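**Student:**
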Amino acid sequence: EAQVTQNPRYLITVTGKKLTVTCSQNMNHEYMSWYRQDPGLGLRQIYYSMNVEVTDKGDVPEGYKVSRKEKRNFPLILESPSPNQTSLYFCASRSQGANEKLFFGSGTQLSVL
Amino acid sequence: GENVEQHPSTLSVQEGDSAVIKCTYSDSASNYFPWYKQELGKRPQLIIDIRSNVGEKKDQRIAVTLNKTAKHFSLHITETQPEDSAVYFCAASWWTALIFGKGTTLSVSS
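From first to last, the protein sequence lines stand for chains A and B.
Each residue of the first sequence is one higher than the one before, starting from 175 at the first, in my numbering.
Each residue of the second sequence is one higher than the one before, starting from 309 at the first, in my numbering.
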């Protein structure tokens, strides 16, 4: 089944404790991205990747890192989480060309205390 | 960069009525406009999309219209049902990104 797998589903942590949210897709998509969703603000892009070893900042990249060492994986790293990073995070991958569609992972609800 | 405005932020209708959600975009180079539905606690799901070379597209009770000149596009849901209750997001392509509107919470009461 074609899917974007994101883990964990829920995460509670404390300020300053490094964490990683994993994302994997099995559709051989070149494009992957991370979004955060906050009430009243919609979906805002954090980082995106056009291909292996190619990443770029989205609208709200501060406090986040990503890596794209292989096509299927695109982890989101918070080196020193802060309470303002409490949010719902979605990983997504996208097919290219005339039939481009964005597929979302199931989401990670992060709480930073 | 691209900016997508979505209205209204909340919409309440009676079952069987029609619902219309409108979005405007700023960059005339945008050429792909999807709509996503997000039910509570779930991921956004693509429900319909349209490209800039098409003015209207329908899929059963859902339709999307695009006015390139005015740079706005709309989602139309006819014969609404309680299961249509969700948050709906519009989006516009911009270079390599999809820029999302802030969402519309649709409530359909029976």
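The C-beta atom is built at its ideal place from N, Cα and C for all residues, glycine as well.
Just so you know, these numbers come straight off a predicted model, no measurement behind them.
Residues in the same chain with beta-carbon distance under 8 Å from residue 219 (chain A), minus the five sequence neighbours each way, listed in chain order, please.
**Tutor:** In the first sequence, counting from the first residue as 1, residue 219 (chain A) sits at position 45. Closer than 8 Å at Cβ, skipping near neighbours: 207, 208, 209, 232, 233 and 234.
**Student:** Mind checking residue 357 (chain B): buried by the 16 CB within 10 Å criterion, or exposed?
**Tutor:** Indexing the second sequence from 1 puts residue 357 (chain B) at position 49. Buried, since its Cβ has 16 or more Cβ neighbours within 10 Å.
**Student:** With DSSP collapsed to three states, give me the class of residue 392 (chain B).
**Tutor:** Along the second sequence, read from residue 1 onward, the residue named residue 392 (chain B) stands at position 84. Residue state, collapsed to three classes: helix.
**Student:** Listed in chain order, which residues of the segment 406–417 of chain B have Cβ atoms closer than 7 Å to some Cβ of chain A?
**Tutor:** Those residues of the segment 406–417 of chain B that come within reach of chain A (Cβ to Cβ, closer than 7 Å) are 406, 408, 409, 410 and 411.
**Student:** So, with DSSP's three-state summary, where would you put residue 257 (chain A)?
**Tutor:** Here residue 257 (chain A) refers to the residue found at position 83 when the first sequence is read from its first residue. Of the three classes helix, strand and coil, the one that applies to residue 257 (chain A) here is helix, per DSSP.
**Student:** Between which two residues does the beta strand (DSSP E) containing residue 327 (chain B) stretch?
**Tutor:** If you number the second sequence from 1, residue 327 (chain B) lands on position 19. Per DSSP, residue 327 (chain B) belongs to the beta strand (DSSP E) from 327–333.
**Student:** Using a cut-off of 7 Å between C-beta atoms, extract the partners of residue 216 (chain A) located in chain B.
**Tutor:** Within the first sequence, numbered from 1, the residue matching residue 216 (chain A) stands at position 42. 397, 408, 409, 410 and 411, listed in chain order.
**Student:** Does any CB atom of chain A fall closer than 8 Å to the CB of residue 352 (chain B)?
**Tutor:** The residue labelled residue 352 (chain B) in the question sits at position 44 within the second sequence. Chain A, which has a Cβ nearer than 8 Å to the Cβ of residue 352 (chain B), makes this yes.
**Student:** Residues of the segment 270–284 of chain A in Cβ contact with chain B at a cutoff of 7 Å, in chain order, please.
**Tutor:** Hits within the stretch, in order: 274, 275, 276, 278, 279, 280 and 281.
**Student:** Can you pull the chain A neighbours of residue 373 (chain B), defined as C-beta to C-beta under 7 Å?
**Tutor:** Numbered from 1 along the second sequence, position 65 holds the residue referred to as residue 373 (chain B). Those do not exist, as residue 373 (chain B) stays about 20 Å from chain A at its closest Cβ, beyond 7 Å.
**Student:** Please tell me whether residue 340 (chain B) has its Cβ less than 8 Å away from any Cβ of chain A.
**Tutor:** The residue labelled residue 340 (chain B) in the question sits at position 32 within the second sequence. Yes, residue 340 (chain B) counts as interfacial toward chain A.
**Student:** Can you tell me where the beta strand (DSSP E) holding residue 277 (chain A) begins and where it ends?
**Tutor:** Here residue 277 (chain A) is taken as the residue at index 103 of the first sequence, counted from 1. Per DSSP, residue 277 (chain A) belongs to the beta strand (DSSP E) from 276–278.
**Student:** Measure the alpha-carbon distance for residue 265 (chain A) versus residue 180 (chain A) and round it to whole angstroms.
**Tutor:** On the first sequence, position 91 is the one that residue 265 (chain A) refers to. On the first sequence, position 6 is the one that residue 180 (chain A) refers to. Approximately 7 Å between the Cα atoms of the pair.
**Student:** Please go through the same chain and pick out, in chain order, the residues whose beta-carbon is closer than 7 Å to the beta-carbon of residue 401 (chain B), but skip the five residues on each side of it.
**Tutor:** On the second sequence, position 93 is the one that residue 401 (chain B) refers to. For residue 401 (chain B), where only same-chain residues beyond five positions count, the Cβ hits under 7 Å are 338, 339 and 340.
**Student:** What does residue 232 (chain A) touch in chain B if you count any residue whose Cβ is under 7 Å from its own?
**Tutor:** Taking the first sequence and counting its residues from 1, the one referred to as residue 232 (chain A) is at position 58. Correct list: 405.
**Student:** How would you write the range of the beta strand (DSSP E) that residue 357 (chain B) sits in, first residue to last?
**Tutor:** As a first step, residue 357 (chain B) must be located in the second sequence, where it is residue number 49. Taken as a continuous stretch (DSSP letters only), the beta strand (DSSP E) holding residue 357 (chain B) covers 353–359.
**Student:** Which chain B residues sit within Cβ distance under 9 Å of residue 219 (chain A)?
**Tutor:** Your numbering for residue 219 (chain A) matches position 45 in the first sequence. Correct list: 405, 406, 407 and 408.
**Student:** Start and end of the beta strand (DSSP E) containing residue 176 (chain A)?
**Tutor:** What you label residue 176 (chain A) is simply residue 2 of the first sequence in a count that begins at 1. Here residue 176 (chain A) belongs to no beta strand (DSSP E), and DSSP marks it neither H nor E.
**Student:** I'd like to confirm the pairing. Which residues does DSSP put opposite residue 414 (chain B) in its beta bridges?
**Tutor:** Translated into the one-based positions of the second sequence, residue 414 (chain B) becomes position 106. B:319 and B:394.
**Student:** Do residue 260 (chain A) and the ligand ZN come close, with the Cβ less than 7 Å from some heavy atom?
**Tutor:** Absence of the ligand ZN from the depicted structure is noted, as is the absence of any ligand whatsoever, leaving it without description.
**Student:** By Cβ distance, which residues of its chain are closer than 8 Å to residue 187 (chain A), with the 5 residues on each side in sequence left out?
**Tutor:** In the first sequence, the residue the question calls residue 187 (chain A) occupies position 13. The residues are 193, 255, 284, 285, 286 and 287.
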